[in-house]
Each structure stands twice: as structure tokens, then as C-alpha cells.
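Colleague: This is the structure, below, for whatever I ask next.
Residue numbers (the working numbering): 1 to 83.
Written out as C-alpha cells, the structure reads:
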């Protein structure tokens, strides 16, 4: 999976599971936590989904809000895990 495919998948997952809206409503730079799109449970759902997509498990010390607060931040964090 490349970065563009991962971005599309994350946007689709967020739109479907949290916004119940069209993918075009997902702003890649917007804070998902501050805007109320996700809460701590939603963050764990996103992390699990991302781990499944990448076929990896993230170290506990990497599971901080800043790594998963927006689509752009998730992509920056996940780039080293892309195959």
C-alpha cells in the first residue's frame, strides 16, 4: 500500500465510521479530537484499523494523540510502516 492509497482508506474509514458523511467532508489537516469527530474510543478504533491495514502493531510509546489527530499526522506517522 502506498501513501495515496492509505490516505484514501483513512479518509473513507473516518467518513463512514465517524462522520456518516461523504469522504469529501474529511479535512486531512483538521484535528479529529479537537473538532469532536473522534474521542478516545474512536482513536483506538483508528489505531486498530491502521495497524490492520499495515500488518503491524505499534509500540505503546507511539500511541499518543499527536500521531493520530489528523489524516496528515497519521500518514506522517505511518510512512515508515508502509510496504
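Backbone N, C-alpha and C define an ideal beta-carbon position, used for all residues, glycine too.
Who are the near neighbours of residue 26 in its chain, counting only those whose CB is closer than 6 angstroms to its CB and skipping five residues on each side?
Modeller: 11, 14, 15
Colleague: Determine the direct distance from the alpha carbon of residue 32 to that of residue 2, and round the result to whole angstroms.
Modeller: Going by the C-alpha atoms only, they are around 23 angstroms apart.
Colleague: For residue 42, report the span of its alpha helix (DSSP H) as first-last.
Modeller: Segment 40-54, the alpha helix (DSSP H) holding residue 42.
Colleague: Can you check whether the CB of residue 82 is closer than 8 angstroms to the CB of residue 19?
Modeller: no
Colleague: Please check the pair residue 65 and residue 30, which I expect to be a contact at CB under 8 angstroms, by giving their CB distance rounded to whole angstroms.
Modeller: With a Cβ gap of about 14 angstroms, residue 65 and residue 30 do not count as contacting.
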